[in-house]
Amino acid sequence: MITQFSDLKPLLPELFLLGSAMLILLVDMFVAERRRGLIYFLSTLAVTLTAVVTWRAWVEPLPGVILNGMYVRDALGDVLKLFMYLTTVLVYIYAAHGLRASNKFRSEFFTLSLLALLGMMVMVSSSHLVTLYLGLELMALASYALVALDRDNPEATESAMKYFVLGAMASGLLLYGISLLYGLTGSLDLTVISAKLATMDTSAPILALALIFIVIGIAFKFGAVPFHMWVPDVYQGSHTPVTLFIATVPKLAAIGMAFRLLPMGLGPLQEHWQDMLAVLAAASLVLGNLAAIAQRNLKRMLAYSTISHVGFIFMGLVSGLVTGYGAAMFYVIVYALTTTAAFGIILALAQGDQRFEEIRDFRGLNQRKPWFAFLMLLVIASLAGFPPLVGFFAKLLVLKAAMDGGYLWLAILGGVSAVVGAFYYLRVLKAMYFDEPESEAELKVLPEVGVVLSVNALALLGLGFAFNPLLERCLAVWQ
Amino acid sequence: MLLDIITYSFPLLSWLIWLPIAGAVLVLLIGDERAGLARWAALGVSLATLALACLLWRDFVTGSAAFQFFEEKPWIAALDIYYKLGVDGVGLALILLTVIITPLVIIAGWEVIEFKPSQYLASFLVLEGLMVGVFCAMDAVLFYLFFEAMLIPMFIIIGIWGGPKRVYATIKFFLYTFLGSIFMLIGLIYLYRQTGSFDLNTWMYAKLSMTEQFWLFLAFFAAFAVKIPMFPVHTWLPDAHVEAPTGGSIILAAIMLKIGGYGFYRFSLPITPDATGELAGIVVGLSLVAVVYIGLVALVQKDMKKLIAYSSISHMGFVTLGLFIAFELMRLSAGEPDYAALAVQGAMVQMVSHGFISAALFACIGVLYDRVHSRQIADYGGVINTMPWFGGFMVLFAMANSGLPGTSGFVGEFMVILAAFKYSWWVAMLAALTLIFGAAYTLWLVKRVIFGAVANDQVAKLKDLTLREAVVLGTLAVFTLGLGIYPKPLTDVMQPAVQKMVLHLNQTKTL
């Protein structure tokens, strides 16, 4: 089959971003050290323009499937992509300040993250196992390099190594699952696989084996227990701008991948993966929340809190219902926006080389920088799921989804673990509001970063009252 | 189903909720540098809210059991959640209590709070709006939102302006309440799945099997028993009270505890009547334990605030007693609502009355603490010699707390005991013991603190009430005496709603 160039129109956002990334790589060669701001500007511009391209294509409906079914363009992918762009732009704004302050303002951060973003876009738009794997690997390789960027720091090198080894293994397992599926169904196209499976006996052990490998691959990318080992080390060990990126945008891609693989590709095996995910969700909720209590480093604490959030995200998937998928998607989007703000605050408050990431550093923040303490309060309250912040409604939706799917026990466990979670979140509030500051030194925050952070954090409050359009969008992609 | 509602030309309830919250933003913007202006702004906002609430009282249709001042706007279509507000008589009484107490709290903390005063005032204004919201939300998610959101300002109030063990106390307070309410949240989602709506009015008439009702009852009980609080989940309260600043203690005792009682009235009684009826015996038992045992615990306290905190738990025992004997009373009287209504109404009167009395007692302790910086009973004695006006007020409130006829404390307790006699002589007898224990611990407190010879130099140097303190205590005294001598306006307002509620209790909802 001959593909005409005009047939590639749905692929325009990816092509545009790829071209921009290449261009930025080239430009970087001719930019002087002190003009690195240009790279930051160009990268932000590239992501913004990609968003415009995606948006334009979305407004004008395009044919869905191209390249013999390898690539699919639909509302699910577009919604996720648009939030990836938004999160990436926020990441750039917060990260630029952090990179400059620590004298690591190199263009590699931007080009690598653009390539990772490209990989993620492919991931959420593929309806074919090969494209999906390709996207995943592009994202993963770029991420490994990002973590290792801070090469003089032994912690970062160590966590990059760990991330790489574990990640490679997870990719291998996923690939093994894919090969088994291919052997069983004779196809790599997810729609074909789904149709084939519907006619097969789903209780065959070999199918279960393939499914287990695929679920492990997904669980690793999310960082669900027991495939979470890399999360705390990578979060803590990486340079905070990198953590900021790794903690947020890839989660949007992971949920896209999970949607493509499980409900869309392996829908006929639903009853099997539902139970697997339920167990993973339960383990993540319990371990994530309990381990977070013991942390003193805020980045590490947020890593464990992420693991518990993965438990909540899985609750929506576990339900096996489209409303549940919509809820999980809503949860991930809310999570990404909230976590961006959390790491953004950590970055904004860092003074030069001095880090601001131990819970101890936050002591007495209310007396030093009351507005930032308040923003952090909003972020923490949203992460902990207190109303009226939007994090509460995200939890409400996934709890309902779990109950809809007949997993009442999981919903109750989720509720109880939210209370455990409240304890360590409260410790941050305690440090900021009740403790005396350890240092009286003035904290300087760049005004533009402060403004963006304020909008970001206040949006969590505002969304709590006006999230209906977003939720409806998340639900509509499943119709 | 007949949806009995009365609308109003103006979104008055929304104003009552959002005006204080907007005022809080204003106060924060004024900031700590201009503390004087911030104080006046906060007072102005709370008085404006009070004025609006007077309008609410004036235009409330007494004699109607309908939800009045009804407002409804679609909010989250995907989950059928509405922004839906309305008050019945009970809600009205508690809203009035809230808006009366809040300005007093602001006045009581006027010069006392010097650290971050604008944050302090803003927290109380936010709390005011949220508490009004709890008493008029007619959508379960909206109710939960207000119910939970209250925790954060209270957490901060205790944690920043509290005593030496404030961090422990405030985290304990937060986690206890949060754990309870999470179970309620799951119950709410369950009910939504059964009925397709979060509307409290719809839930009132929803059919539910006995097993469903049983678990839902437990879910609601977990939330409200902690909030009110009932024995044996009361242990957060003494800690929170002792460590909270005076204003925090006042709000906690006067209004937040009432939210537990209101929750029982709004959720447990009407939504799961069959299960509640079955399990009422246990709740009545726990209430009696609270009344008697906690009364005895109060007797041995050395710390004044702790004593009043235990006294609060004991008095709240009356509220749960009145609410939960209503079921048996309906059964015994074969559907005649008189005594059941008396019991429920007694419970509600007790809530309002205790709101004023406990606020007054905590304000009194605050007055002493601001001068001597001690809450230990042993550090005082003979205060009346140096502070005669204060002594007079304190004695009055102590009498009210022990249920002296002529004060509001008597009315509710008397109604509940009267109804309890119809239920069981022994229950009434045990409940009536509180009149003895209550008198014992309160009057003994007064004897040791107020009367006798001047105990030490510090007491000898005490100065009597300032005008500011006199305004606070005077206002509370007016309400304590007013409701004691002429409680009719209060009972008239609540009567139709309570009547409707107890008649509803008699209808089985099982499938």
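Chains as they are written, first to last, in the working numbering: chain A, 2 to 480; chain B, 33 to 543. Note that beta-carbon positions come from the ideal geometry of N, C-alpha and C, so glycine has one too. A quick note: this is a predicted structure, and the numbers were derived from the prediction, not measured.
Short CB-CB distance (under 8 Å) between Glu-473 (chain A) and chain B:
Stepping through the first sequence from its first residue, residue 473 (chain A) is reached at position 472. For Glu-473 (chain A), the answer is yes, since a Cβ of chain B falls inside 8 Å of its Cβ.
Could you confirm whether any beta carbon from chain B is found closer than 8 Å to the beta carbon of Pro-389 (chain A)?
Walking along the first sequence from the start, residue 389 (chain A) turns up at place 388. Yes, its Cβ sits closer than 8 Å to a Cβ of chain B.
If the cut is a Cβ gap below 8 Å, which residues of chain B does Phe-424 (chain A) touch?
For this step, residue 424 (chain A) is matched to residue 423 along the first sequence. Near Phe-424 (chain A) (Cβ distances below 8 Å), the residues of chain B are Ile-203, Leu-207.
Who are the Cβ neighbours of Leu-24 (chain A) in its own chain at under 7 Å, not counting the five residues just before and after it?
The residue given as residue 24 (chain A) occupies position 23 in the first sequence. Excluding residues within five positions, none has a Cβ falling inside 7 Å.
In chain order, which alpha helix (DSSP H) runs of at least 4 residues are fully inside the segment 423-474 of chain B?
You should have 440-455.
Per DSSP, Phe-99 (chain B) forms a beta bridge with which residues?
Sequence index remark: in the second sequence, residue 99 (chain B) carries index 67 (1-based). Phe-99 (chain B) pairs with B:Ile-37.
Check the Cβ of Phe-156 (chain B) against every Cβ in chain A and list those closer than 8 Å, keeping chain order.
For the purposes of this step, residue 156 (chain B) is taken as residue 124 along the second sequence, with counting starting at 1. What Phe-156 (chain B) touches in chain A: nothing, since even the nearest Cβ is about 16 Å away.
Taking the alpha carbon of Phe-442 (chain B) as the point to measure from, which residue in B:Lys-454, B:Phe-429, B:Phe-256 has its own alpha carbon closest?
Residue numbering aside, residue 442 (chain B) sits at position 410 when the second sequence is read from its first letter. Of the listed residues, the one whose Cα sits closest to Phe-442 (chain B) is B:Phe-429.
Classification of Gln-245 (chain B) by the beta-carbon crowding that lies within 10 angstroms, buried from 16 upward:
As a first step, residue 245 (chain B) is located in the second sequence; it is residue number 213 there, counting from the start. The residue in question, Gln-245 (chain B), is buried, as its Cβ has 16 or more Cβ neighbours within 10 Å.
Determine, using beta-carbon pairs with one atom in the segment 122-136 of chain B and one in the segment 60-71 of chain B, whether at least three such pairs fall under 8 Å.
Too few Cβ pairs lie closer than 8 Å, so no.
So, does the CB of Ala-432 (chain A) fall closer than 8 Å to a CB anywhere in chain B?
As a first step, residue 432 (chain A) is located in the first sequence; it is residue number 431 there, counting from the start. Chain B, which has no Cβ nearer than 8 Å to the Cβ of Ala-432 (chain A), makes this no.
Can Leu-135 (chain A) be considered in contact with the ligand MG, in the sense that its beta carbon sits closer than 7 Å to one or more heavy atoms?
For the ligand MG, the structure offers nothing, since it holds no ligand at all.
If we ignore side chains and look at the alpha-carbon of each, how far apart do Phe-394 (chain A) and Pro-149 (chain B) end up?
Residue numbering aside, residue 394 (chain A) sits at position 393 when the first sequence is read from its first letter. Residue numbering aside, residue 149 (chain B) sits at position 117 when the second sequence is read from its first letter. Distance between the alpha carbons of Phe-394 (chain A) and Pro-149 (chain B): 32 Å.
Quick check on Met-404 (chain A) - is its C-beta less than 8 Å from some C-beta in chain B?
As a first step, residue 404 (chain A) must be located in the first sequence, where it is residue number 403. Chain B, which has a Cβ nearer than 8 Å to the Cβ of Met-404 (chain A), makes this yes.
Between Pro-52 (chain B) and chain A, is the shortest Cβ-Cβ distance under 8 Å, so that the two count as touching?
The count along the second sequence starts at 1 and reaches residue 52 (chain B) at position 20. With 8 Å as the cut-off, Pro-52 (chain B) does not count as an interface residue toward chain A.
Give, in chain order, every residue of the segment 92-118 of chain B whose Cβ lies closer than 8 Å to some Cβ of chain A.
Residues of the segment 92-118 of chain B whose Cβ lies closer than 8 Å to any Cβ of chain A, in chain order: Trp-107, Ile-108, Ala-109, Ala-110, Leu-111.
Consult DSSP for Leu-267 (chain A) and reduce its assignment to one of helix, strand or coil.
Stepping through the first sequence from its first residue, residue 267 (chain A) is reached at position 266. Coil at Leu-267 (chain A), not helix or strand.
So what's Asn-298 (chain A) in DSSP terms, helix, strand or just coil?
Locating residue 298 (chain A) in the first sequence gives position 297, counting from the first residue. For Asn-298 (chain A), the secondary structure class from DSSP, reduced to helix, strand or coil, is strand.
C-beta neighbour in chain A for Ile-184 (chain B), strict 8 Å
By one-based count along the second sequence, residue 184 (chain B) stands at place 152. Residue contact with chain A for Ile-184 (chain B): present (Cβ-Cβ distance below 8 Å to some residue of chain A).
For Gly-347 (chain B) and Val-250 (chain A), I'd like the C-alpha separation in whole angstroms.
For the purposes of this step, residue 347 (chain B) is identified with residue 315 of the second sequence, where counting begins at 1. For the purposes of this step, residue 250 (chain A) is identified with residue 249 of the first sequence, where counting begins at 1. According to the sequence as given, residue 347 (chain B) is His; it is not Gly. Taking the straight line from one Cα to the other gives about 54 Å.
Answer yes or no: do Ala-157 (chain A) and His-229 (chain A) have a C-beta to C-beta separation smaller than 8 Å?
As a position in the first sequence, residue 157 (chain A) is number 156, starting the count at 1. As a position in the first sequence, residue 229 (chain A) is number 228, starting the count at 1. No, the Cβ-Cβ distance between Ala-157 (chain A) and His-229 (chain A) is not below 8 Å.
If I measure Cβ to Cβ from Tyr-342 (chain B) and keep anything under 6 Å in the same chain, skipping five residues before and after, which residues do I get?
The count along the second sequence starts at 1 and reaches residue 342 (chain B) at position 310. For Tyr-342 (chain B), the CB contacts under 6 Å within the same chain, skipping 5 residues up- and downstream, are Ile-326, Val-329, Ala-330 in chain order.
Within the continuous alpha helix (DSSP H) that includes Leu-497 (chain B), where are the two ends?
Along the second sequence, read from residue 1 onward, the residue named residue 497 (chain B) stands at position 465. Taken as a continuous stretch (DSSP letters only), Leu-497 (chain B) belongs to no alpha helix (DSSP H), as it is neither H nor E.
When you compare only the Cα positions, how much space is there between Glu-146 (chain B) and Gly-195 (chain B)?
As a working note, residue 146 (chain B) is residue 114 in the second sequence. As a working note, residue 195 (chain B) is residue 163 in the second sequence. Answer to the nearest angstrom: the Cα atoms are 15 Å apart.
Going along chain A, which residues have a C-beta under 8 Å from Gly-141 (chain B)?
For the purposes of this step, residue 141 (chain B) is identified with residue 109 of the second sequence, where counting begins at 1. None at all; the shortest Cβ gap to chain A is about 18 Å.
Please state if the CB of Leu-471 (chain A) and the CB of Phe-331 (chain A) are separated by a distance shorter than 8 Å.
Stepping through the first sequence from its first residue, residue 331 (chain A) is reached at position 330. Stepping through the first sequence from its first residue, residue 471 (chain A) is reached at position 470. With respect to the 8 Å criterion, Phe-331 (chain A) and Leu-471 (chain A) are classified as neighbours on the basis of their beta carbons.
Thinking C-alpha only, which one of B:Ala-392, B:Ala-471, B:Met-526 is nearest Gly-506 (chain B)?
Position 474 of the second sequence holds residue 506 (chain B). Checking every option, the nearest Cα to that of Gly-506 (chain B) belongs to B:Ala-392.
Interface residues of the segment 215-241 of chain B facing chain A [CB-CB below 8 Å]
Near chain A, meaning a CB-to-CB distance below 8 Å, the residues of the segment 215-241 of chain B are Phe-215, Leu-217, Ile-218, Ile-221, Tyr-222, Tyr-224, Arg-225.
Whole-angstrom C-beta distance between Ile-260 (chain B) and Val-158 (chain B), which should lie under 8 Å
Position 126 of the second sequence, counted from the start, is the residue given in the question as residue 158 (chain B). Position 228 of the second sequence, counted from the start, is the residue given in the question as residue 260 (chain B). Between Ile-260 (chain B) and Val-158 (chain B) the Cβ distance is about 22 Å, and since that is not below 8 Å, they are no contact.
Proximal residues of chain A, C-beta to C-beta of Glu-180 (chain B) below 8 Å:
Taking the second sequence and counting its residues from 1, the one referred to as residue 180 (chain B) is at position 148. Correct list: Phe-387, Pro-388, Phe-393.
Quick one: using the 10 Å Cβ neighbour count with 16 as the cut-off for buried, is Lys-401 (chain A) buried or exposed?
On the first sequence, position 400 is the one that residue 401 (chain A) refers to. Answer is buried; the Cβ neighbour count reaches 16.
Name the chain A residues whose beta carbon is nearer than 8 Å to that of Arg-198 (chain B)?
Counting from one through the second sequence, the residue named residue 198 (chain B) turns up at place 166. Neighbours of Arg-198 (chain B) on chain A, chain order: Phe-435.
Can at least three beta-carbon pairs, one atom from the segment 290-307 of chain A and one from the segment 352-368 of chain A, be found at a separation below 8 Å?
In short, these stretches touch, since the Cβ pair count reaches three.
What is the residue span of the beta strand (DSSP E) that Lys-116 (chain B) lies within?
Taking the first residue of the second sequence as position 1, residue 116 (chain B) is located at position 84. From DSSP, the beta strand (DSSP E) with Lys-116 (chain B) extends over 113-119.
Any beta-carbon of chain A closer than 8 Å to the one on Phe-210 (chain B)?
Locating residue 210 (chain B) in the second sequence gives position 178, where the first residue counts as 1. At least one CB of chain A lies nearer than 8 Å to the CB of Phe-210 (chain B).
In chain order, what residues of the same chain have a beta carbon less than 7 Å from the beta carbon of Asp-112 (chain B), not counting five sequence neighbours either side?
As a position in the second sequence, residue 112 (chain B) is number 80, starting the count at 1. Taken in chain order, the residues that qualify are Gly-228, Ser-229, Phe-230.
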